[in-house]
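Okay, so here's the structure we're looking at.
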């Protein structure tokens, strides 16, 4: 039994000596007449460097403008301020032929869905974190506002962030 334990201790000592004279993370290497240490696979200069961002994602605004003469609406996305988005929505509404266009709704870093019945009816607009969620909420609101009618999502879009280098 003592011989067996001695053998195990000797074997354990050999595995400890496996990295030899090299510091942790390095392994011994050598050839005829020379010896040295090389970095292990996890240690190299590319992995040791800390990644520094070279830019950032800027969140954007979207807006809706509506006209009653003739009845129409316009949506825009991708603006860096609420005021810019509202002005662009009004301009888009006028471009479509609206005579009394007004900015009626704005949203920031969100997805918009508008649901209404095919004959016009009362629309329901919702901004949420995803098109799916906004569409579900818009449909539910449309059905509440237009009981017994069939609603459909007529607009769905998101304000996408824009990458800006430093």
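Residue numbers (mature numbering (1 follows the signal peptide of the UniProt record, and there is no 0)): -18 to -1, 1 to 148.
Heads up, the beta-carbon is just placed ideally off N, CA and C, and yes, glycines get one too.
Return the residue from the list the options that minimises the CA-CA distance to residue i.
i, options, result
"residue 71", "112, 43, 120, 93", "43"
"residue 111", "141, 22, 85", "141"
"residue 64", "32, 88, 93, 4", "88"
"residue 5", "14, 16, 15, 20", "20"
"residue 97", "74, 115, 61, 35", "115"
"residue 105", "123, 33, 138", "123"
"residue 125", "139, 113, 107", "107"
"residue 83", "100, 135, 57, 95", "57"
"residue 127", "45, 135, 99", "99"
Where residue i and residue j are concerned, what is the direct C-alpha to C-alpha distance, given to the nearest angstrom?
i, j, result
"residue 37", "residue 132", "46 Å"
"residue 22", "residue 8", "5 Å"
"residue 143", "residue 66", "15 Å"
"residue -2", "residue 10", "With a pLDDT of only 48 at residue -2, under 50, the local geometry of the prediction cannot be trusted, and the value read off the model is given with reservation. Spanning the two alpha carbons is a distance of roughly 11 Å."
"residue 86", "residue 41", "21 Å"
"residue 62", "residue 69", "12 Å"
"residue 135", "residue 129", "16 Å"
Can you list, in chain order, the residues of its chain whose CB lies under 6 Å from that of residue i, leaving out five sequence neighbours each side?
i, result
"residue 118", "none"
Under DSSP, the alpha helix (DSSP H) around residue i begins and ends at which residues?
i, result
"residue 64", "64 to 77"
"residue 138", "Looking at the DSSP string, residue 138 is not in any alpha helix (DSSP H); the run it does join, the beta strand (DSSP E), is 134 to 140."
"residue 116", "113 to 127"
For the beta strand (DSSP E) that residue i lies in, which residues bound it at each end?
i, result
"residue 44", "43 to 50"
"residue 19", "16 to 21"
"residue 6", "Note, residue 6: premise wrong, no beta strand (DSSP E); not H, not E."
"residue 146", "144 to 147"
"residue 81", "Where residue 81 is concerned, there is no enclosing beta strand (DSSP E), given that its DSSP letter is neither H nor E."
"residue 156", "Nothing can be reported for residue 156: it is not among the residues displayed for the chain, which extend from -18 to 148."
Once the 5 residues before and after residue i are set aside, which same chain residues still bring their CB inside 8 Å of it?
i, result
"residue 53", "102"
"residue 93", "109, 110, 111, 112, 113, 115, 116, 138, 139, 140, 141"
"residue 74", "47, 56, 57, 58"
Which same chain residues, not among the five before or five after residue i, have their C-beta less than 7 Å away from its C-beta?
i, result
"residue 148", "36, 37"
"residue 145", "37, 39"
Taking one C-beta from the segment 47 to 56 and one from the segment 77 to 85 each time, how about it: are there three or more such pairs within less than 8 Å? yes
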